[in-house]
Structures are given as structure tokens and as C-alpha cells.
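Trainee: If you scroll down you'll find the structure; I have some questions about it.
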Amino acid sequence: MDNSINASEKKPNIFQRFGRGFVQFWKDFGHGFVNFFKKLGSGFKNFFVNFGKRFADGSIGTKLSHFIMGAGSFYHKQYIKGAIFLILQVLFILFMVMCPTVNGTPYGWKALGNLALKGNPGGYDDMGRLIEADDSTLFLLFGLVTIAIIILFIIVYLVNIASSYKADQDEKSGKKPTSFKEDWGNLLDSRFHILMLTPTCIAALVFTVIPTIFMISMAFSTYNIVDMNDATEPYMKNLFHWNGLTNFIDLFKGKTTLGHEIGARFFPVLGWTFIWAFFATTTCYFGGILLALLINKKGLQFKKVFRTIFILTIAIPQFISLLAMRNLLNGNGPVNQILMNFGWISKPIGFLGNNTVGDNPYLAKVMVIIINMWLGVPYTMLMTSGILMNIPTDLYEAARVDGTSPIKMLFKITFPYVFFVTMPYLISSFVGNINSFNTIFLLTGGGPSVVGGTYVAGETDLLVTWLYKLTIDNGEYNTGAVVGILTFIITATITLIAYRNSKSYKEEDTFQ
Amino acid sequence: MKQKKVLLTIRSRAILSRTLSYLGLVTLSLIWIIPIFWIVLSAFRTEVNSDGQLIGIVVSNYFPKKFGVQNFINLFQGQFYGVKGVFPRWILNTLIVAVVDCLISTFLVLSVAYCMSKLKFKMRKPFMNLTMILGLFPGFMSMIAIYFLLKSIGLAGNSADNAWLNIVGLILAYSAGAGMGFQVAKGFFDVLPSSLVESAKLDGCSNFKIFWKIILPLSKPIIIYTALMSFTGPWMDFIFAKVIIGTGAPECWTVSVGLYSLLFGAQSDVNFFTQFAAGCVCVGIPIVGLFMFLQKYYVEGVTAGAVKG
Amino acid sequence: MHSELTPFRICRNAIIGLVLSLGLLITTLCLPFYSYRYFTINETMKFIDVAKANHHIAVPLAGAILALVFIVAAVILMLFVSKNKIVQFVAKTLTILAAFAFIGLFFTAAVRLLVIPYEFDYIASQTLESGYLVYLAYLLFSGVLSCYILAIHEK
Amino acid sequence: MKKGSIFSAVLLAAMLAGGVSACGGSGNTVTLWVGSESTDFYKDVATEFAKEYAEAGGKSYKIKVVGVDTGSTGGQMTSDASACGDIVVTAHDNVGKIVEKGKALAFTDEALINQIKADNSEEFQSVCQVAVGANKTKYFFASPFISQALFLYYNKQYVTADQAKTFEGLAQAGAQAGGKKGFTIVGTDGFNYSFNLLARKASDNSTTLRLYEDFDVDNCYAQGDDEVASLQWAKRVFNESTGGLLPSDSGWAVEVKNGNALSVIGGAWHYKAFSAAIGESNVGITKIPTYTLTSADVSGTTMSPNTVMQGGSFADCKVMLINAAKGEKKLDFEQKLIAKLCSKDVQVQSFVKCNNVPAFNGALEALEEYNTAHPGEINALSLELAKAQNQMFSYSIPQPFVTGKLNTRYYQKQAPDIYKNFIAGTIEDSARQVLYKMQYIWQKGAEPEEIPGSLPADID
């Protein structure tokens, strides 16, 4: 990576660059979107074309394997591979037809029907006996799992056809089709990445993709425990159903159908999330650099001792140090007591806004940023001290020769170099701070509460901690999902804009 | 004479700036240590109120008047959430989760990172972008969905008699997500010269042999860094464990969930504060020890990771 | 250039500083330290009486004296055995420990000053005697001094 | 790397095996979820009963008792019943919500049903029944066994018995103790404000408040002049230096321990925490004090100044119900066990051993009779607690939130938060506007779009 910094050339200031980046981004986004669909279209087109071609000129085995999986492999005497394909097909058919049921909710084709969320509410008969009720969450979940299994099956189905087609080509060109042992062998060599990535992909599918889709779909449903408990018919308590975009519309209308002003709190919380992410990132970043410069000052001894002390705070689990801080600044904790003894204050200050109702929100916000510095600075310090070590010393020699003062050297050489190298980190830490849950949740629990009820966001609530309050504390899953989706859209656009603009993205490929 | 004076002023100015830096560094170190020191002090605080009962709440004097280990004894034998002597169970649970998760996650992270960094295949860029995008979603909703998923296969929300199933569920939930966090390890593998891979390929080793015999022995720092991160993960994590096993039987909680629920749970009691501090010390010391012991690798991992971001 | 700066010349300021902080320490011990209406009706107390009354006060002061011994030993080592690497290292470690001790104690002493009335669980009127102020001055001065001693060593 | 992984695999196997054996358990265990202060007592009674049940030819069951916070079991049962115990103790207002979710089983055992009818008052019987099925037949789903109401704990070091009779006395004690707050409350939710909301005229024990009378969602009225004056009193007192203290992050126990508040309005379940805070010897218990409305409090109302108001409360009972998510195999044993645990003599023993005040009719007389028969077994304080609670019953109503809808609209639709913010002074609405909003939320489940000019206004 070349790092010759020609400090003389007049650099456009940060806002112009960001503005140009923003416009550039949407232009790229537009034509990226267009050619994405163009590619998709052509992809489908030639998919079906060669599907037909394979069917046409494939051997009988390949033709058969379109219907009975593994037939192609049996045809080419790859018995084990054929058996595996066949077993998979049989299992898939059994799964779809027999609809195995768990906790009274079926998988298989019934699960696809249940996706319409029209279950029976259950209740009691006249003899006081319980009628089993359906559970919409399981309907939604099992429906998604069934869809995922169908997609996996289609992939295996295509692999089965491709492998028998390849076996045809091998036979045509005189080579013996690969035996099972060879297949297994080249899994370790040419197709090594498949072996290595499959466990992660399956784990990602089951534990990340399906749950994320589950969350997104909740935003279009009436899944809200407070309202379900408030339902007029007594037994509609377990069921929720689709209601399209009403949740989104209500949020922006400033009042949801339930009549409390969740919408009115969205933009203030969004604003504070940005202010928090900006200050948290910058204070930790520059604090870390200054601390690193201080520790790595030439001629200073015991560098390792000081560095270990600061690593101590990273080593302590966050919830311990944060709860310690919360109790230190507690209404009856040492700090307040000392101030009161000294007579500076008459009643305890709600430093973190959770002492009594009506605490000062600005103090809580400032304190949260300061305590976050206490947590974040050591990490950045560690990172920058690593980078400071490998700044080429000839730059400093050249500067010293023409007599630049140490401070000028700092701004002309050290800072630009460190910025350039840590740009990707800056972006990821900005996004990380938008989603930083622990600091706010453990310190202020959302800070001084705002007029309008417990599950409306408090003063220091971020989108993420508000999401926690909405979903886990109060069961408002649909409104929470809406907030979750909007948080995603915002963070995604920022990350993509910043990532594409940063030099490291452009050089990412060259570095390979 | 003037020349000597100039020399002296430069030297004395250097000494002055160094004195100030030392003063600044010592003060900053103390500021960073005071809250941690306060927790350790509270852990050993055994002041007694007029009735002879141990004061457990947040006391206002920074220095305790009486020291002792009574809090640790109460913590280990105490009955919390209806279960006697539950704290050692919490530590055992977290240890099991940490060890198993460390093994699985390290393998997953290293395998994915190696593929992303050294192997060429067409799905590489889309996979990288997909992981980045999935990482942007706030985690809660998927945590709730994971809880429902695990519950439907009986690995979450179990009552006390098969509480260990909840632990297996938590291990699955932790290690499943690990594979997506390959960026730091990829940063490290990128630095390894790809000429190594080419030369090994020339004399006929399979990719697997290259990975196992050549790359892994060379990447001891990143293995230790990843193992350290995934081992300390379950000790440090709080919110993920609270959602997945927080509703199950107290016997199957991890230490972080247990300690949090001492102060803020349904049966929390303000008198538990000093026992909470004792618990923090029990959790904190092994992890800090581990960090200090593996500090060299941790620093290397952080710097390598940051460069690639 | 280095030859002119003999170890003695380097440590000259340090030695003057040591003498000063020793003086401060002795004045702290002799001057009246606290004044408590509670203990002795309307009389001030020497440090020794306070230490007997509440042994918690003795601990920080013992630390302060020990730290002073550390930096004195460090300076002596630097003066007379300035060639030997290991001895230099020992001297430097003693100095940094002293620095931490002094500044740490300064923080807590300042805090303790405010909490003391509460410490004895009653609301006494605490009038501050000169002894305590000198104690704080001694701690701060010695802290800066130990940083200075560290600084005069170039790596 | 190889040697390390084998070793850790062996280590893991050993630990998992250890984990498994530690909490293995057979199928037919019955898990009891009871209040954490009375786990040992109920474990002994239940195990002994299980032995009798087995000897009498029934299946042998193992009993497991888990200590829980019975205030939060209602929420757990509605959100995740399969993670709860077989028999669960909860407050009576959660019964409707749990039954509507299909998580409780109806009682079919005649002996149990007759015992509930014979032992309990009309109100307690009505809150334990829910009408189910097409033609709304009523079934018992819960059996009451502990009665609860709010009363006053005070710190005898600073407050005399007379001062504890009135809020003005508490304020006087606060002043004497150097500007300390007279009283504090445990929480800022709808339950802990009931002492002010449900207050009645001391002279004729009358109130204009109607809260879901005969469980009808529209039969509410909160805008009477006595309520307005009472609310204005509360706002004044909570902002006086020796008046009421709003709960803080460190919790009421720390405030009481540090002497910042000299008394607390709480229930029997706070007994242990209060005596731990100030020492058992200093604990005083009495009914909730009265307060006198000043001319400032009654301004804007037809109430005459110096009217004396008696602090009110909810008169609730803790009930046992059977968790439907655990299936119906153990139904017979579970019903007989509940009949045993809720029988009169077990309720009395539960009071003697764990301070749980019994719920059956004429409980106080039975306790006094037991006290004279076995002097010294019941400690004086517990008896005072039972007396104070019994007195409060004459000024209280049982929580009327017996269906999911009423329960949600009273607690979870922000009425309590408007009340809290009014008292803390963070909103500018007047007392009448606050009461209009609360009544609107009770009936409609949402805040009113706008507030009519002239109040009180009825809500269609």
C-alpha cells in the first residue's frame, strides 16, 4: 500500500467528500440495482436453457435422475453416491408428506398452509376440558424452516443432475467417472472450500438467516402480547395474523393503533443514536490515539506496565465494570455520599438518570459518553500502538532535517498515516456503537424515563435498547421488528457509503 | 557557553515533558483502576449493622471498615432463586459452555477465514458481503427466534430436571454464529505470503494438507487469539444468554445471567450487592489472568485485525 | 556531551527534592493532624493519637513512608551504582512503585478527608488542622518528584 | 494442537456426564412454584401428603418445590407456561389472563370445589371462577390460600405509634429526625399507588371511585371530587421535604436503611426486607394512616377542607392453579394436593411459620384463638401484621382485573405512568385532566386524542 501523503495538495474537506460520496453512492446503487436484475434475469434464462440442454443430450441416467435422484450415479456405477441421493430424496418426500409435528405444530406441507396464520384459538368446552390452541409463532417458524429445507433440497437436486451429467461427459471423453473415494479425496483438495464452508453455512442458515427473516416477517404481523391480551374475544390470545404495512404507517403517523406515542419517540431516539455513535466513536478513537502516543513516547520506560494496566479494563467482563460504575454513581453510593458530606449537594444527583423521576437527561447523556470512553479508549490505544510502531522512521528523519516542530510532525505524518490505516476500523466501530447495547442498558437502562409510559423509549435509549424494551420487556414484537428493520436500513446505507469511499475498499482486491 | 545552555534547555525541556507524561500516565492508570479496585474492595467488605447482620447494600464509604471473606462463603453456599448452592453450578455451566464453544468456534472461524483469504472460488465475494449485511441486523429479534427454534427441539426453557439441555442449546447458539466472525482471522491469513501456498501446491499437497501442515503451524498467534476470544465470550456475554436460558431453571444459568439477576432479577435483593461483588471477583480474576498470560497474542490479533478492519 | 553530566549532576535536583519531601513528612507527624470534638473535648490530636484511635488511618501513612524510602533507595542506587544494568532496573521499578503509591494515596487522602466525619458514624464538625494539609502537600510533591526521577533516565 | 484437543474432549465428556447426573429426574415429579419465603414449609407438607396419597393406593409422586417471586408468575405463565411448574402460585387477578390463554386446568374434584366454596368469602370465590365454553358455564380454576393487602411498616426508632396513625404524624416524625422523608412507597406501578387512588372518606367510608364494577369494562368513574382532592394532596406531599419519597434506583430498602425514609407502604412479602433494613426490634406495623385535606388540596372541588381521608388498598388473595401446559396425567393428585395445601389448618400453620396471612373466612378469629391456645408460637409482630391487614380489608376492594383485557388496560396501557409523572411534576396536566385520561385508558385502552374543556366529562 503506497502511503506517500502529499500534504501539499488541497484536499476537499470531509463534508464535500461525504456529499460527493453520497451522490455517487445513489448513482452506483441505481445502476447496480438495474444490472443486478439484468444479471438475475439472464441467470434464470440460461439456467433453464442448460437445464433443457442437459435433459436433451444427457444419457438415460441423467434423464432419469431428473425424476429419481441418484439414478444417474447408479447408471455410472457410483453406487454410494447414488444411494445417498436416493435416501435424501426419500427423506425429503417423507418430511413433506408425513408432516412431523412438534409441540402440536406440523412441519411439511401443512406448515406452508399455516403460514397464512389462520390457527384455531383453542379454549375450553362446556365440560371445562381444554381444547388445544395453535401457536402462531411456531406456525411462522416451522413455515420458514420448511421453506429452507425445500431450498436445500433443490440445491441437492441440481447437484445430483450436474454430477450425473459430468459423469456422462467423462464417459464420452473416455475417462472413468470419479469413484466415491475420489470424490471424497478431492473434497480435501480441489473442492476443499466446500468441506470447510458447509458447517458454517448450515449453522448460519439455521441460526442467522431464518431468525432474521422471522424478525422481518413479524413487522408485518399483529404479534403484540399487550394487544393480544386486550383482544375482545377471550380466546384470541395466542394467535396473531398478517396486517401488511399498518405497523410502518402507524409508526410514522406518530401514533400506533394502540394509541400511545411510539411513533413520536422514533425520530428523537434516532437523533440521539447518531449523536451517541458519533461522540462514542470519536472520543474513544482520538482518546486511544493520544494515549497510545503518550505511552509510546520516545525515552519513556515501563511502557509494558502501563499497557498491561489498560488491558486490565478490557479483560474485565463489561457487565462487571458497568454495574460497578452504576453502583459507584448510585444515589446512595460513595460518590454522591462524598459530595453530600462535603456540602456541595443537598440531595443525590442522578448521574445516570435512573435515580428518581425527572433526573437531568443531559447529565446522563454526558456521563454515559464519558464512561464509554473509560471502556473504549484502551482498545483503540492497543490498536494504534501496534500501528505507530510500523510507521517508517525515514519520514520522521526527513521532517526533522527540515526542522519541523514535533507538533507539526504529529499532524503532518502521524495522524494522516494512522487515519489511513484505521479507516475500516473507524467505520466498523461507528456501526458497532450504533448497536452498542451493553453500555446504555447496564448503565442507565434507558436513562431518565420520558413522559408516556415504560415502553416508550427513555432519554438515553438507543434504537437497540428501545428494541429490547419493546420486545422482551413488553412483548410488542411487531413494533420492535419495525424499529429493528429501520435500524438495519440506516446502518446498512451508512456502512455501504463509507465502506465504498474508503481507500482500503478500493485496494482490497489489489492487496490479494 | 551559549551552545551548552541551548543543549541544557533542550535536555531539561525533554525531562520536563517526560515528567509530565509520567504524571499523566500514573494518574490515568489510577483513574482506570479505581472502579475495578472498588468492586474488589466491596467483595471483601464485611461491615455489620447494629443487629449483627452483614450489610450487603451499597455502602457510601469507599474504604471498608472491616475486611473478611464472609461474602464469598455466603455466595457459594447461599440460596438464590430457590436453589441452594447455585453459584458453583453457574460457574460449572459457564465453564462447560466456554470450553465446548471455544473448540467449535475456533475450528469454524479458522476454516472460514482460511477459505476467504487463500482459496479462490466464485461464491467468495457474495459470501463476504452476505456476512457483512447479516452482521448489521440488531441481534435481539433473531435471539428470540433462536429461543423459539431451540425450544421447539427441546433445547431451551426446560425445567430443572433436564436443565443441561438448555446448556447444550446455548452452546449451539453461541458456536453457530461464530463462523460469521472471520474478519480478524482473515486479516491475519492475508498477511501470510500466498507464495507459501503456491509452492506447496506445486509439490502436490492437497489443500487440506496445506492448511493442516503448513498454514496452521504458522498461525499460532491467531489460533490462540480466536480461542481466547471464544473462550471468554460466554463469561463476558450477558444479554444473549439472558434471552436464551434466562427463562429456564436457575440451575442452568451462566454466571453473567446469575450475577445480573442477583441485583435486577425477579428475586433480586439490594442486600446481595457485596455477594455480587464477590461473584465479580471470582469471574474477573481467571479471565484477567488468562488475558495477561496471553497478552502478546491478544495484542497481535487486535493490530492484525484492525489493519483489515 | 554525556560525560559532563555525571550521575551526581543528573541527580542534584532529585536530592534537593528528597530533602524537601522528608522535611514535609516530619512536619506532618509533628503538627496537629486532626481536631475532633468527639475524642478530646476541644483539643487537637497528634497523629499518633489518631492512629491509635482508628488504625485505618495508619495504613495509608505507612504506605507514604515506605514510598519515600523507595525513592531514597532508588536515588542512592542511581548515584553510586549507575553502571550496573540490573541495579538501574531495580531503582527504576522502586521509583515507579513510589510514584503510583504517592499519587494513589493523594487521591484517596483527598477523598478520605471528606469522608472522615461519616467514617465515625456521627455528624461531627470537622475543622481541618494544618497537619492534614501538609500531609496532602507532601504526597503531591513526592509524587511529582518520583516522576521527575523517572524522567531523568533516558531509555 | 492435536494433543490439546484430545485432552479437552475427555474433560468435556466428564463434565457433561457430571452435569447430567446432577439433575436427572424421573417423569412423575410434581413441581410446586411457591413464594420463595415459604419453600421449606410447603415442601414438608407436600412430601408428607404425597406419602399419604401413595399409601392410600395412589401413584407415588416425588415433590419438588421451587421458590419464585409470585408477583411475576402471572407473566411467566402467559408467555411461557411450559417453562413453569406443575402447580403455580400467583395473584388472583392473573387467573382470567391465564385461563384465556388456555394455560390452566379446570377443577373437577368435588372435595376441592366444596372446600373452596365452604371456606372463602363471596368475592374470593367469584375471582377464582371463569365462565368458559359456548354457554359460559362457570368453573373453579384456582384455590385461594393467602390474603394480602397493603399496610404501613414504620421505624420505631423515629416514629411513635400515634404518629404512625396519620400521614401528618409521619411528616412530624420526619422533621424531628432532621428533615427526613415521612414515608416511601415500593414501586411506581398501579398496585403501589392504590393507597391514594382507593382512599375513602374516613367518616362514612365512602368513595365515588368505580373501577370495573361487576367486571364491566365501561363501568368506571375516577373523576369524583374526592379523587381530585386526594390526587392534589398526593402531589403536594410527595414534593415536601418530610413527605413522600419516590422510589429510586437503589430501591426502597436502601433508603429506609440509610434513614432517608422513616416508613414504607408495603405488604407481608416485604416483611423480611424491612426487618433486615432496620433490625427486627425496630419494626412497627399498623394499617395505612389517614390524611387530612388542606384548603389547597380541595381547591377547585366541592370537598370541604379538613376532610379526613383513610388510605385505601386492594384486598387480594394468592391462589394455586394447575399448569395446563404440563398435561392432565397428574390432575387427580394435583387437585387433592391443592385441597390439602389450601385447607384451613395448613393455612394457619403457614401463618405461624412463614407470616402468610390466611385467606379463609374468619381467619383473624382463628389466629387469635390459636395464639391463646399456643402462647409464644406466633410472634407478636406477625399477629399485628394480620390485624393491620384485616382492618385494611374493610377499606379495600379485591382487584377487579379478572380478564386479560381489564388486567392489561389497568396495568399496561400507561395509566400508572401518567399518575407517576403528574406526582413527579414532569407533566403540566391538572389533577382533573390526569383522572379523565386514566379513566379513558381504563375503558378504551388508549390515551384520549384530546381532553374536553369542562371536566368531569363522561366517556361514551
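Keeping their order, the protein sequence lines are chains V, H, R and S. Read the first sequence against my numbering and you will find it ends at 866, with the numbers running on by one and no gaps. Read the second sequence against my numbering and you will find it ends at 289, with the numbers running on by one and no gaps. Read the third sequence against my numbering and you will find it ends at 166, with the numbers running on by one and no gaps. Read the fourth sequence against my numbering and you will find it ends at 1875, with the numbers running on by one and no gaps. No residue lacks a Cβ here, since even glycine has one placed at the ideal position from N, Cα and C. Since this is a predicted model, take the numbers as computed values, not measurements.
(1) Measuring straight from C-alpha to C-alpha, what distance separates S(-3) of chain H and Y149 of chain R?
(2) Comparing the C-beta of S1728 of chain S with each C-beta of chain H, is any distance below 8 Å?
(3) Compute the distance between the beta-carbons of L1660 of chain S and A1649 of chain S, then report whether it is under 8 Å.
(4) Can the beta-carbon of L90 of chain R be found less than 8 Å from the beta-carbon of P18 of chain R?
(5) State the Cα-Cα distance for the pair T610 of chain V and T1841 of chain S, rounded to the nearest angstrom.
(6) For L1677 of chain S, report the span of its alpha helix (DSSP H) as first-last.
(7) Along the beta strand (DSSP E) that carries N1482 of chain S, what are the first and last residues, could you check?
(8) Quick check on the DSSP output: the alpha helix (DSSP H) that includes L130 of chain H runs from which residue to which?
(9) For G641 of chain V and A1872 of chain S, I'd like the C-alpha separation in whole angstroms.
(10) Determine the contact status of V510 of chain V and L605 of chain V, defining contact as a CB-CB distance below 8 Å.
(11) If you measure beta-carbon to beta-carbon, which residues of the region 101 to 117 of chain R are closer than 7 Å to chain V?
(12) Take the Cβ of Q1563 of chain S as the centre, count every other Cβ of all protein chains shown within 10 Å, and call the residue buried at 16 or more, exposed below.
(13) Among the residues of its own chain, which have a CB less than 8 Å from the CB of A112 of chain R, if the five just before and after it don't count?
(14) Just to confirm the assignment: which complete beta strand (DSSP E) runs, minimum length 3, are found wholly within the region 627 to 672 of chain V?
(15) By the criterion of Cβ-Cβ separation under 7 Å, what are the contact partners of V177 of chain H in chain R?
(16) Buried or exposed for A1788 of chain S, please, with buried defined as at least 16 other CB atoms from any protein chain shown within 10 angstroms of its CB.
(17) Give me the chain V residues within the contact set of R1824 of chain S, using Cβ-Cβ distance strictly less than 7 Å, ordered along the chain.
(18) Can you name, in chain order, every residue of its own chain whose Cβ lies under 7 Å from the Cβ of E1538 of chain S, other than the five neighbours on each side?
(19) Identify each residue in the region 822 to 836 of chain V for which the Cβ-Cβ distance to at least one residue of chain H is less than 8 Å, and report them in chain order.
(20) Can you have a look at I265 of chain H and say buried or exposed, based on whether 16 or more other CB atoms are within 10 angstroms of its CB?
(21) So, for E1865 of chain S: in the same chain, excluding its five sequence neighbours on each side, which residues have a beta-carbon less than 7 Å away from its beta-carbon?
(22) Just to confirm, is the Cβ distance from G1594 of chain S to N583 of chain V under 8 Å?
(23) Examine chain H for any beta-carbon lying closer than 8 Å to the beta-carbon of D543 of chain V, and answer yes or no.
(24) Quick one: which residues of the region 140 to 160 of chain H get their C-beta closer than 7 Å to a C-beta of chain V? List them in chain order.
(25) Around the C-beta of S575 of chain V, are 16 or more other C-beta atoms found within 10 angstroms, so that it is buried, or is it exposed?
(26) Hey, does C1438 of chain S have any beta-carbon neighbour from chain H nearer than 8 Å?
(27) Return helix, strand or coil for C1438 of chain S, following the three-state DSSP convention.
(28) Taking the alpha carbon of G625 of chain V as the reference point, which residue from V:D815, V:P475, V:T500 and V:N684 has its own alpha carbon closest?
(29) Note down, one range per segment and in chain order, each beta strand (DSSP E) of at least 3 residues found wholly within the region 141 to 179 of chain H.
(30) Compare the C-beta of N251 of chain H with all C-beta atoms of chain S and state if any pair is closer than 8 Å.
(31) Find out if the Cβ-Cβ distance for the pair K64 of chain H, S174 of chain H is shorter than 8 Å.
(32) Let me know the secondary structure DSSP gives G1682 of chain S once reduced to three states.
(33) May I ask you to report which of helix, strand or coil DSSP gives Q1544 of chain S?
(34) Using a Cβ-Cβ cut-off of 8 Å, state whether G1548 of chain S counts as contacting chain A.
(35) Among the residues of its own chain, which have a CB less than 8 Å from the CB of T1462 of chain S, if the five just before and after it don't count?
(36) Between the Cα of L1708 of chain S and the Cα atoms of S:M1724, S:G1666 and S:G1715, which residue gives the shortest distance?
Mentor: Reading from the atomic positions:
(1) 22 Å
(2) no
(3) no
(4) yes
(5) A caution first: T610 of chain V carries a pLDDT of 45, below 50, which makes its placement in the model unreliable, though a value can still be read off. T610 of chain V and T1841 of chain S: Cα-Cα distance of roughly 23 Å.
(6) Unbroken run through L1677 of chain S: none, as it is neither H nor E.
(7) Contrary to the premise, residue 1482 of chain S reads as Gly rather than Asn in this sequence. Note, G1482 of chain S: beta strand (DSSP E), K1477 to V1483.
(8) G119 to S132
(9) 59 Å
(10) no
(11) K103 and I107
(12) buried
(13) G74, A75, L77, A78 and F81
(14) none
(15) Residues of chain R passing the Cβ test: none, with the nearest at roughly 41 Å.
(16) exposed
(17) D584
(18) P1813
(19) Y822, T825, I826, Y831, G834 and A835
(20) exposed
(21) none
(22) no
(23) yes
(24) A153, A156, G157, G159 and M160
(25) buried
(26) With a pLDDT of only 38 at C1438 of chain S, under 50, the local geometry of the prediction cannot be trusted, and the value read off the model is given with reservation. Yes, C1438 of chain S counts as interfacial toward chain H.
(27) Note that C1438 of chain S scores a pLDDT of 38, beneath 50, so its modelled location is shaky and nothing firm can be said.
(28) V:D815
(29) none
(30) yes
(31) no
(32) coil
(33) strand
(34) In the structure shown, chain A does not exist; the protein chains are V, H, R and S.
(35) I1478
(36) S:M1724
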